[in-house]
Structures are given as C-alpha cells and as structure tokens.
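K.L.:
Can you read through this structure? Questions will come right after.
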Amino acid sequence: MEFIADLHIHSYLSRATSKQMNLENLYKWAQLKGVSVLGTGDFTHPIWFSEIEKKLEPAEPGLFKLKKKYRTEMDKDLPEACKNPVRFMLSVEISNIYKKKDKVRKVHSLIYSPDLASADRLNKALTQIGNIKSDGRPIIGMHAKDLLLMTLDSSEDNVLIPAHIWTPHFSVLGAASGFDSIEECFEDMAAQVFALETGLSSDPPMNWMLSDLDRFVLVSNSDAHSPSKLAREANIFTCDLSYFEMMRALRNKNKKGFGGTLEFFPEEGKYFYDGHRNCQQRMSPEETMSEDGKCPKCGKKVTVGVLHRVSVLADRRRGFEPKNSFGFESIIPLAEIIAGTFDCGVNTKKVSKAYLSLLEQFGNELYILRHCPASELKQAGFEVLADSLERMRSGRISVTEGYDGEFGIIDVVNK
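Offset between the sequence shown (1-based) and our numbering: plus 1359.
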C-alpha cells in the first residue's frame, strides 16, 4: 500500500503557530490534504502530552488514532471524497544551543517514539537539563550527540533525525550555526543517524551534490505551523502502516517500504538564496561573493542561503544522481495555484470556496496535485487550473527566489 506521512509539525503550544493546531483540526486537515500518518509534534510539552494521552488511543503498532468522540464532530464537515483513516506518530522537534570548540552551535533535531512510555521517559530526562514547559519546541543546552544518546537511552526504538539540515541559523549543516558534516556533529554516534530532513529550501538533487550524504535517506516534511500548511512537503511510504515498518524502511533504505518525497520547489523556500531582507536585497551566491558577503546597500553581513551553503560543501555537480537514491515529486500547494488563477491572495474567500469545491468533486489535495487528470478538471470548468497543474508536474515554472526569511514565488499560471 502507498500512503503519505508528514512527520514534522507543531502544536498551538509552539511559538508563532496557529491556535487551530489542535488534534481535532490536525485530524481534519490531514484528510483534506491526503495524509495518512501525521506527527503529533511537541510531545515534550506537558500540556500537549496530556492532550495526546486524553484524545489519542493506540492503533497499528507504534501509531495512534483520534478517539471516536473527538472524530465525530470533525467528520460532519469533511467532504466524503476526502474521508480516510488518519494515524498519529509521537514526534517533537528539539532545539539544541550549546558551545563546542569555542563556537556556538544551534542544531534542531526531530525525535520519534513508538509509545507514550518511551516519550515520557525522554521528557523526564530532558526536564533535568532544561525547561520543556516554555515552548512546544524546547531549547535545551546540551550537545546534539548527548541528545541522541538520551533519546536512545529512553528507548532503543526511539529515532532521531536531524531537522531541515541546511537552514542557515538552526541546523546541523547550516551556514551560520552548524557543522561541515554529520560525523563532526554526532561523532561516534553518527552511525545511529540514518535519515536527514532536507527542509523547504533544498531538494534531493541539491543534497546529491554531497557524497557524504549518500548513506542517508532524505525525508521531507511540512514543518507546519498552521493546518493549511500540512503536506507542503511529505514522504511516500509503501510499507505496512506501522511505526516500526516505517522506520525499518528508512533505516535499511528499503525501496519496497519507502517511495521518496514530495517537495517544495526549493526556490520557494525562504532561505534558498542569500540576501538581506531589511534592505530587500536578494542575492545569488555569485553576487554574495562579489560583495564579500555584505549587503550592497547597508554593508551588513548577509544571510547565506541554502544554495550557497550546499555549493560550498559540494564535491559533485548538480545533476549527479547516486545509485539507490529515491525519487521525488515537486509540488505547489493547491491554494497557491488557485490564487494564481484568480490573481488574488491565498487567504481570500474566493480561494477557499474554490478549494473546497475541488476537494468535494475530486478528492484530497495531494490527489488533485499529483494524479487528477487534467481532462476531468477542464470538464468541471477548471481549465486554467488544469493547465497550471500540467506545468507544475512537468517543472515548467517561473521563479522569484526566497531569501533571508522571505518565501519565494513559484508561478505556473502565467508561464
């Protein structure tokens, strides 16, 4: 069976997240999007952990489902064409900020647990180190290697995956805060890391430029802070619906269990290019080097983006594909495409009405983006949308690159 998993999200208890990020809305939006397995996010936060205990119950091995009494109300408003079972996986993102070799390191990691007891043991251990009540994504002052050790001490079935590995300020390989290799960060524990999250500003071909990353499976997730952002990136699994089978597929690079990723066009990511947002300076790596890393307007140091950082560490040219690599599909959120066809904002009522109409007629968002025949959309009166989807699927896009915290713009409507 094939199913979609989005394993990096946040609850309403994380900074800068929507109040709608509760378990009921996540259950609803997972179905609208076409996601079968969703990370809970934030399981270290005591309030969120209590809500998980209260509202979820065990389902398939290592996975959970929303209890019936919480599902019933949400089911009333769901389009019939989108209704499907949703499972949750216990997940959290930890921010490690610490000093190593006289340099401040800032590394974000994703942690997964198959059961509440394992997650609770990790929570209790982390309480001895830092304040896990302050944020859904807690800041812990310990080495990333030590976090990995603590994670595995809490349960041998727990898993740690470095998060958005190229983000400039908070990642293992980021230009401003990371290391130059996974081994440099995790040292003798590096063998316990078997997958890496690429982040919104990079895609597999960019990561294939580094031979050091060949041994890892590349995963992608939404890092959603609001329900509508679910599955903007996600993973395709082809194994049994089980925490253990999913992790086994990643650990063993098993093509019978893992089918690759759904990706943002990386240019849309908010750290793809270099630049200085305050001065509205978007810069290619070549432009940054010609300016000696400084903003041409104010002279301050620019934020070095993912493309630049990958190029610095790369030992291959773009276009090289390692043996046994997994496939990927580049997608654009459906609401963005609809907004482009109407030439209006994504959050307008016009877009919301068209979005719901499409889901009611054809099924969930990912089905529409990936598989829905253009001919069927045209027959239903969505001619411009159908043409735009065909351009997206074939990669015929126009781009305004994201930089220094500003999302880029991908246009498939006016191409």
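All C-beta atoms in this analysis are idealised placements derived from N, C-alpha and C, irrespective of residue type, glycine included.
For a quick check, are the C-beta atoms of H1367 and D1401 less than 8 Å apart?
P.N.:
No. Outside cutoff.
K.L.:
So for P1563, helix, strand or coil by DSSP?
P.N.:
P1563 falls in the helix class under three-state DSSP.
K.L.:
In the structure shown, what three-state DSSP assignment does H1467 receive?
P.N.:
In the structure shown, H1467 sits in a strand (DSSP, three-state: E or B).
K.L.:
How big is the Cα-Cα spacing for V1531 and A1733?
P.N.:
Spanning the two alpha carbons is a distance of roughly 41 Å.
K.L.:
Tell me which residue opens and which closes the beta strand (DSSP E) that K1458 is part of.
P.N.:
Unbroken beta strand (DSSP E) run through K1458: R1446 to K1459.
K.L.:
Below 8 Å on the Cβ atoms is my guess for G1699 versus V1758; work out the distance and round it to an integer in Å.
P.N.:
Wrong, their Cβ atoms sit about 13 Å apart, outside the cutoff.
K.L.:
What did DSSP end up calling T1620 once you bin it into helix, strand or coil?
P.N.:
Strand.
K.L.:
Determine the extent of the beta strand (DSSP E) in which R1641 is found, giving its start and end residues.
P.N.:
It spans Q1640 to M1642 - the beta strand (DSSP E) in which R1641 sits, taken as one unbroken run.
K.L.:
Is the CB-CB distance between V1396 and M1360 below 8 Å?
P.N.:
In this structure, M1360 does not lie closer than 8 Å to V1396 by Cβ.
K.L.:
Should Q1390 be labelled buried (16 or more other beta-carbon atoms within 10 Å of its own) or exposed?
P.N.:
Buried.
K.L.:
Return helix, strand or coil for A1848, following the three-state DSSP convention.
P.N.:
Shown here, the chain extends from 1360 to 1774; a query on residue 1848 therefore has no answer.
K.L.:
Whole-angstrom Cβ separation of G1398 and S1450, contact assumed at under 8 Å?
P.N.:
About 3 Å separates the two Cβ atoms, so the contact holds.
K.L.:
I need the boundaries of the beta strand (DSSP E) containing A1593, first residue and last residue.
P.N.:
First-last of the beta strand (DSSP E) with A1593: A1593 to F1596.
K.L.:
What is the DSSP secondary structure of P1681, counted as helix, strand or coil?
P.N.:
Reduced to three states, the DSSP call for P1681 is coil.
K.L.:
Is it the case that the Cβ atoms of I1499 and L1519 are separated by a distance below 8 Å?
P.N.:
Not in contact: I1499 and L1519 (Cβ atoms no closer than 8 Å).
K.L.:
At which residue ranges does the segment 1523 to 1574 contain complete beta strand (DSSP E) runs of 3 or more residues, listed in the order of the chain?
P.N.:
The qualifying runs are 1554 to 1556.
K.L.:
Checking 8 Å against the spacing of the C-beta atoms, do E1622 and D1674 come in under that value?
P.N.:
Cβ atoms of E1622 and D1674: not closer than 8 Å.
K.L.:
Can you list, in chain order, the residues of its chain with a C-beta nearer than 6 Å to that of L1469? Leave out the 5 residues immediately preceding and following it.
P.N.:
Correct list, in chain order: H1367, E1452, I1520 and A1522.
K.L.:
Who are Y1762's beta bridge partners in DSSP?
P.N.:
Bridge partners of Y1762: Y1632 and E1765.
K.L.:
Would you kindly report the start and end of the unbroken beta strand (DSSP E) that includes G1398?
P.N.:
Run containing G1398: V1396 to G1398, per the beta strand (DSSP E) assignment.
K.L.:
Would you say the segment 1416 to 1431 touches the segment 1377 to 1386, given that touching needs at least three Cβ pairs under 8 Å?
P.N.:
At 8 Å Cβ cutoff, the stretches touch.
K.L.:
Once the 5 residues before and after E1419 are set aside, which same chain residues still bring their CB inside 7 Å of it?
P.N.:
Closer than 7 Å at the Cβ level, and outside the excluded window around E1419, lie R1446, L1600 and S1601.
K.L.:
How would you write the range of the beta strand (DSSP E) that E1688 sits in, first residue to last?
P.N.:
That run of the beta strand (DSSP E) goes F1687 to I1690.
K.L.:
Using DSSP bridges, identify the partner residues of T1662.
P.N.:
DSSP, once it has assigned bridges, lists G1634 as partnering T1662.
K.L.:
Starting from the C-beta of E1742, find all residues in its chain whose C-beta is less than 8 Å away, skip the five residues before and the five after it, and write them out in chain order.
P.N.:
So the list reads L1736, once near-sequence residues are dropped.
K.L.:
Quick check on P1644 - is its C-beta less than 8 Å from some C-beta in chain D?
P.N.:
Going by chain labels, chain D is absent from the structure shown, which holds only one protein chain.
K.L.:
Kindly confirm or deny that the segment 1687 to 1696 and the segment 1745 to 1754 touch, where touching means at least three C-beta pairs closer than 8 Å.
P.N.:
Flag = yes, the segment 1687 to 1696 and the segment 1745 to 1754 touch.
K.L.:
Work out the CA separation of F1538 and D1740 for me, nearest whole Å.
P.N.:
Per the sequence shown, the amino acid found at residue 1740 is Gly instead of Asp. Using only the alpha carbons, I get a separation of about 51 Å.
K.L.:
Once DSSP output is grouped into helix, strand and coil, what is the label at V1518?
P.N.:
In this structure, V1518 counts as strand in the three-state DSSP scheme.
K.L.:
Buried or exposed for E1592, please, with buried defined as at least 16 other CB atoms from any protein chain shown within 10 angstroms of its CB.
P.N.:
E1592 comes out buried.
K.L.:
Provide the residue span of the beta strand (DSSP E) that contains F1701, from first to last.
P.N.:
Segment L1693 to F1701 is the alpha helix (DSSP H) holding F1701; no beta strand (DSSP E) there.
K.L.:
Give me the Cβ distance between G1658 and Y1632, rounded to the nearest whole Å; I'm assuming they're in contact under 8 Å.
P.N.:
No, G1658 and Y1632 are not in contact; Cβ-Cβ is about 19 Å, not under 8 Å.
K.L.:
In whole angstroms, what separates the C-alpha of N1683 from that of K1492?
P.N.:
About 42 Å.
K.L.:
Can you give me the start and stop residues for the alpha helix (DSSP H) that A1484 sits inside?
P.N.:
Here the alpha helix (DSSP H) through A1484 covers L1475 to T1486.
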